[in-house]
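Scroll down for the structure; my scribbles are underneath it.
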Amino acid sequence: MTGTASRGRRERLRAETTAEIKSVALELMASGGPDAITLRAIAREMGMTANAIYGYFATRDDLVTTLINDVYTALADAVDSAWESAPTPDPAARIRAWASAFRNWALANPEGFRLIYGDPVPGYRAPEQGAAPDAARRVCTGLTALAAVAWPRAKRFYEGSEFEWSDFDAGLLDKVRPAFPELPPAAVALALRIWGHLHGLVSLEVYGHMRNQTVSPEKLFHEELAQLLRGLGIPHQS
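Residue numbers (the working numbering): 262 to 499.
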């Protein structure tokens, strides 16, 4: 075996083991909650020594950061793709596409959703810029884009808005104002309200709180979307 082939095999095995470590970590979280993510527990599940795991991730926090970045990036990819595929002139279709992609991803990846938006991993300290700054920016600007396409019709409902830029976190404004310089503070507030509508129902569904309440959570979600569009003054089809 040549040196190049040997290196290629080692790199492939390392990539496979790294992927398995991350998969096992999410499985442990699904069965035992965020407390269950420990390098020793992962090593035990994989039949490895704890020292061997440290060759892939120096600390538990390094692993958690990688997991958050992976799942957050996957979510950003899903909603960005849905947004770009929707008909540009149709704001209702674009909002529906983004919202449906968000829900579908969350239901297909409940542990990932919980890692990003739900249960904090005890003792975890994220890097100074956050675990997934690029993905967070993409999802944040995606949400603001929903408000931006709605704003031409919705702004008449917000003429008396008292929101000012000082009402928002500087980190949020650093993400959205460069991307949407034409939007006023009321439109950023609208983006947060839209987020509340979407995230609320999806979170209830992911955590199982809808299970004993309705047999049609998807129908409820799409009816909420229809009501949201009506409230924004956007013509739509059910």
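We treat Cβ as the ideally placed atom computed from N, Cα and C, and that holds for glycine.
Predicted, not measured: the structure shown is a model, and the values here were computed from it.
- Pairing L462 with G379, the inter-Cα distance amounts to about 14 Å.
- For A302, the uninterrupted alpha helix (DSSP H) run begins and ends at L300 to M307, by DSSP.
- About 7 Å separates the beta carbons of A409 and A448, which is inside the 8 Å limit, making them a contact pair.
- Secondary structure at P446: helix, using DSSP grouped into helix, strand and coil.
- When secondary structure is reduced to three states using DSSP, Q488 falls in the helix class.
- Comparing C-alpha distances from R386 to each of L465, T279, V476 and T327 shows the shortest one belongs to T327.
- The three-state reading of DSSP puts V463 in helix, counting H, G and I together.
- The residue among S346, G494 and I329 with its C-alpha nearest the C-alpha of A392 is I329.
- F374 counts as buried, since at least 16 other C-beta atoms from the protein chains shown sit within 10 angstroms of its C-beta.
- Burial check for L376: the Cβ neighbour count within 10 Å reaches 16 or more, so the residue is buried.
- DSSP places G432 in the uninterrupted alpha helix (DSSP H) bounded by A431 to A440.
- Here K480 is exposed: its Cβ has fewer than 16 other Cβ atoms, across all protein chains shown, within 10 Å.
- Here the alpha carbons of L451 and R417 stand approximately 12 Å from one another.
- For the set R491, M471, V382 and D351, the Cα lying nearest the Cα of A291 is the one of V382.
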